Amino acid sequence: MERCTGSMSTHDEDVALLRAMVEDVRRIRNRTCEPKDRSNPRHHALSMAVSGLLRAADDMQDEDRRSS
-19 MERCTGSMST
-9 HDEDVALLRA
1 MVEDVRRIRN
11 RTCEPKDRSN
21 PRHHALSMAV
31 SGLLRAADDM
41 QDEDRRSS
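FYI, my numbering numbers position 31 of the sequence shown as 11, with every residue one higher than the one before it.
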């Protein structure tokens, strides 16, 4: 995966922002999706968005650990 550069404090802030976005998307998914399973295209799309945000946040944290 190609890496984006930035200061460590910026990474920490960005990771926190991504994790907050995860919670926001989960709330939206739980509030607006019936049925709450992958047969609902919106539920599936929002679940994929959560997965992508978590993957990005985890990658940024791993990058910070490797560079320290």
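Note that beta-carbon positions come from the ideal geometry of N, C-alpha and C, so glycine has one too.
The structure presented is a predicted model; accordingly, all values stated were derived computationally and were not measured.
Residue nearest to Ser30 in terms of C-alpha spacing, selected from Ile8, Asp(-8) and Glu43: Translated into positions along the sequence shown, residue 30 becomes position 50. It is Val, not Ser, that sits at residue 30 in the sequence shown. It is Ile8.
Looking only at its own chain, which residues have a Cβ that is under 6 Å from the Cβ of Arg18, when we skip the five neighbours before and after it? Numbered from its first residue, the sequence shown carries residue 18 at position 38. Around Arg18, the same chain offers His24 as residues with beta carbons nearer than 6 Å, after the five sequence neighbours per side are excluded.
Are Cys13 and Leu33 close, meaning C-beta to C-beta below 8 Å? What you label residue 13 is simply residue 33 of the sequence shown in a count that begins at 1. What you label residue 33 is simply residue 53 of the sequence shown in a count that begins at 1. No, the Cβ-Cβ distance between Cys13 and Leu33 is not below 8 Å.
Three-way DSSP call (helix, strand, coil) for Glu14 in this model: In the sequence shown, the residue the question calls residue 14 occupies position 34. Residue state, collapsed to three classes: coil.
is_contact[Pro15, chain C] using C-beta, thresh 8 Å: Looking at the structure shown, chain C is missing, and only one protein chain is on hand.
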